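Number of protein chains: 2
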Amino acid sequence: MVDRVASLEKLVHELSQLPGIGPKTAQRLAYFILRSSKEYAHDLQEAIHDVKTKVKECPQCYSYTEDELCHYCSDLHRQNDLICVVEDPSDISRLESSQVFRGRYHVLHGAISPLDGITPQDLKIQALINRIEESRSTPTPITEVILALDADLEGDTTVLYLAKILGQINIKVTRIAHGVPIGGDIDYIDHRTLGRALENRIEL
Amino acid sequence: MVDRVASLEKLVHELSQLPGIGPKTAQRLAYFILRSSKEYAHDLQEAIHDVKTKVKECPQCYSYTEDELCHYCSDLHRQNDLICVVEDPSDISRLESSQVFRGRYHVLHGAISPLDGITPQDLKIQALINRIEESRSTPTPITEVILALDADLEGDTTVLYLAKILGQINIKVTRIAHGVPIGGDIDYIDHRTLGRALENRIEL
Chain S
1 MVDRVASLEK LVHELSQLPG IGPKTAQRLA YFILRSSKEY AHDLQEAIHD VKTKVKECPQ
61 CYSYTEDELC HYCSDLHRQN DLICVVEDPS DISRLESSQV FRGRYHVLHG AISPLDGITP
121 QDLKIQALIN RIEESRSTPT PITEVILALD ADLEGDTTVL YLAKILGQIN IKVTRIAHGV
181 PIGGDIDYID HRTLGRALEN RIEL
Chain Z
1001 MVDRVASLEK LVHELSQLPG IGPKTAQRLA YFILRSSKEY AHDLQEAIHD VKTKVKECPQ
1061 CYSYTEDELC HYCSDLHRQN DLICVVEDPS DISRLESSQV FRGRYHVLHG AISPLDGITP
1121 QDLKIQALIN RIEESRSTPT PITEVILALD ADLEGDTTVL YLAKILGQIN IKVTRIAHGV
1181 PIGGDIDYID HRTLGRALEN RIEL
């Protein structure tokens, strides 16, 4: 589908670069923006600009922030001895919504993936080790590292690597449980998840 | 889900105003934009800006254009005597993709909808009548008006209204056929479509 209007076609093209946005959706969005108020179009442009200029990585946990330290690192009411390792900054808000974890976070910015040429050196792993060791000269040293990585090949590879490397600086390493989702119907759970759920069975 | 980063949350908010984009999708898009290249973010902002500043309505058919006349009105190789009436500019590219119609277009910018307070005066209907009558003093007057409006209540209402009003200036008015879609399985077609398909049956 072509709109025969250069700037409309350009906007459709740019929007269709976004993940999960096909040409048809991009066209619908472009027409919406074209019909929208000057204010909305302006706010949208400004929001894109601000995100690219104001947001940077937190120097301590490598999640995103606009300030010196991120919201979680600067929060005085969180436990300093517990640190949860995630692949991406967006994982943090998911974990926070569970309202179970009250410790600190550390973002690796990816997972080990030989196929994509992503090695441990490309991830914030050394920074994690430094953070643990530096914490040992503080009143509340880090005592446990919880790995909350994706349950895929890259996540598993990274978990194995971190377990080995963190074992060397003797610190307790745990991994979040994988199993049948809450409300999940056994009939519809894949065999690998069921296998994991059986291995990780808990005595009642 | 909150990201605890003001400008990220603002972008998520703005993106979730777009049609069919929920908060979760908006968050995924916002993170993609945050991680994307400076160039992409710049091009996206520019595309939004250009669409709002450069695109205007064609003074003849009311579709969108950046030039004096739109692509279809300025095309010398199209029939002047055939005019196809659509609700929205985006409908034109759909019809063009069928490669069946080679006449001109006229965009109403909506359909009659008493519930939404949209009356004939809110649509480009008088402009259509003027266009037909003015064409009569040209070598190629408009001889047929094809109505390609949505097959919903508003579309049907508008078709009835246009048939009446255009009848008064005696011009041939036709409506695109509604029926079973090509490749459609009778089992899965709703009864109203089947009813229409039966009414509009064609002798072989």
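First to last, the protein sequences are chains S and Z.
Heads up: the first sequence runs through residues 1 to 204, numbered per my numbering.
Heads up: the second sequence runs through residues 1001 to 1204, numbered per my numbering.
Even for Gly, the Cβ is constructed at its ideal location relative to N, Cα and C.
Everything numeric in this text was worked out from a predicted model, so none of it was measured.
Span separating the alpha-carbon of residue i from that of residue j
i, j, result
"I182 (chain S)", "R1102 (chain Z)", "57 Å"
"R1192 (chain Z)", "K24 (chain S)", "27 Å"
"L1123 (chain Z)", "L1166 (chain Z)", "15 Å"
"H109 (chain S)", "G1020 (chain Z)", "29 Å"
"Y1036 (chain Z)", "V1173 (chain Z)", "It is Ser, not Tyr, that sits at residue 1036 (chain Z) in the sequence shown. One C-alpha to the other measures close to 51 Å."
"L95 (chain S)", "A1030 (chain Z)", "18 Å"
"Q60 (chain S)", "D187 (chain S)", "44 Å"
"G1179 (chain Z)", "N1200 (chain Z)", "8 Å"
"V1085 (chain Z)", "L15 (chain S)", "28 Å"
"D43 (chain S)", "S74 (chain S)", "29 Å"
"Q1027 (chain Z)", "E1087 (chain Z)", "33 Å"
"E1066 (chain Z)", "S1097 (chain Z)", "21 Å"
"L1018 (chain Z)", "Y64 (chain S)", "24 Å"
"R1131 (chain Z)", "L1076 (chain Z)", "17 Å"
"T140 (chain S)", "R78 (chain S)", "11 Å"
"E154 (chain S)", "I176 (chain S)", "15 Å"
"G1184 (chain Z)", "I1142 (chain Z)", "35 Å"
"L1149 (chain Z)", "D1003 (chain Z)", "43 Å"
"E1133 (chain Z)", "C1058 (chain Z)", "19 Å"
"V1159 (chain Z)", "F1032 (chain Z)", "44 Å"
"L194 (chain S)", "Y161 (chain S)", "24 Å"
"R1196 (chain Z)", "Q1099 (chain Z)", "24 Å"
"S113 (chain S)", "Y62 (chain S)", "20 Å"
"I202 (chain S)", "D190 (chain S)", "20 Å"
"L1204 (chain Z)", "L1198 (chain Z)", "14 Å"
"K38 (chain S)", "I1048 (chain Z)", "10 Å"
"L115 (chain S)", "I1118 (chain Z)", "57 Å"
"Q45 (chain S)", "E1046 (chain Z)", "8 Å"
"A127 (chain S)", "G1022 (chain Z)", "35 Å"
Reduced DSSP secondary structure (H/G/I, E/B, other) of residue i
i, result
"L8 (chain S)", "helix"
"I1083 (chain Z)", "strand"
"R201 (chain S)", "coil"
Among the options, nearest to residue i - alpha-carbon criterion
i, options, result
"D1152 (chain Z)", "Z:T1053, Z:A1111, Z:H1049", "Z:A1111"
"H13 (chain S)", "Z:V1051, Z:E1068, Z:G1195", "Z:V1051"
"Y1040 (chain Z)", "S:S137, S:K10, S:S63", "S:K10"
"A1169 (chain Z)", "Z:G1117, Z:G1184, Z:T1138, Z:E1144", "The question names Ala, but residue 1169 (chain Z) in the sequence shown is Ile. Checking every option, the nearest Cα to that of I1169 (chain Z) belongs to Z:E1144."
"L69 (chain S)", "S:H106, S:E87, S:H42", "S:H106"
"I92 (chain S)", "S:H77, S:R196, S:Y72", "S:Y72"
"I125 (chain S)", "S:L115, S:T138, S:L194, S:L147", "S:L147"
"R1104 (chain Z)", "Z:L1082, Z:A1127, Z:L1115, Z:G1117", "Z:L1082"
"P89 (chain S)", "S:L44, S:V55, S:E133", "S:V55"
"A6 (chain S)", "S:L34, S:G22, S:E46", "S:L34"
"L8 (chain S)", "Z:T1119, Z:D1190, Z:T1053", "Z:T1053"
"T1157 (chain Z)", "Z:R1196, Z:P1120, Z:L1076, Z:E1203", "Z:P1120"
"I1129 (chain Z)", "Z:D1116, Z:G1155, Z:R1196, Z:K1164", "Z:K1164"
"S1137 (chain Z)", "Z:E1203, Z:G1022, Z:N1080, Z:R1196", "Z:N1080"
"I171 (chain S)", "S:E46, S:L204, S:S135", "S:S135"
Quiz item: Can you list the alpha helix (DSSP H) stretches of 4 or more residues lying completely in the region 1089-1169 of chain Z, in chain order?
Solution: Runs found: 1089-1097, 1125-1135, 1153-1168.
Practice problem: Identify every run of the alpha helix (DSSP H) within the region 1032-1077 of chain Z, keeping only runs that are complete inside it and at least 4 residues long; order them along the chain. | Solution: Complete alpha helix (DSSP H) runs here, min 4: 1038-1054.
Self-check item: Interface positions of the region 1104-1117 of chain Z facing chain S (Cβ-Cβ less than 7 Å), listed along the chain
Solution: Listed by position along the chain: nothing, the set is empty.
Exercise. Note down, in chain order, all residues in the region 1034-1048 of chain Z with a beta-carbon under 7 Å from any beta-carbon belonging to chain S.
Key: Listed in chain order, the positions of the region 1034-1048 of chain Z with a beta carbon within less than 7 Å of a beta carbon of chain S are L1034, K1038, Y1040, A1041, D1043, L1044, Q1045, A1047, I1048.
Self-check item: Where the region 8-33 of chain S meets chain Z: residues whose CB sits under 9 Å from a CB there
Solution: So the list reads L8, K10, L11, V12, H13, E14, L15, Q17, L18, P19, G20, I21, T25, Q27, R28, L29, A30, Y31, F32, I33, given in the order they occur along the chain.
Quiz item: Quick one, which residues of the region 55-75 of chain S are near chain Z if we go by CB-CB under 8 Å, in chain order?
Solution: Listed by position, the residues of the region 55-75 of chain S near chain Z (Cβ gap below 8 Å) are V55, Y64, T65, E66, C70, H71, Y72.
Practice problem: Using a Cβ-Cβ cut-off of less than 7 Å, give me the residues of the region 165-185 of chain S that come near chain B, in sequence order. | Solution: The question asks about chain B, but that chain is absent: this structure's protein chains are S and Z.
Quiz item: Of the residues that make up the region 78-93 of chain S, which ones have a beta carbon closer than 9 Å to any beta carbon in chain Z?
Solution: Listed by position along the chain: D88, P89, S90, I92, S93.
Exercise. Select from the region 1116-1143 of chain Z all residues with a C-beta closer than 8 Å to any C-beta belonging to chain S, and list them in chain order.
Key: Within the region 1116-1143 of chain Z, no residue has a Cβ lying closer than 8 Å to any Cβ of chain S.
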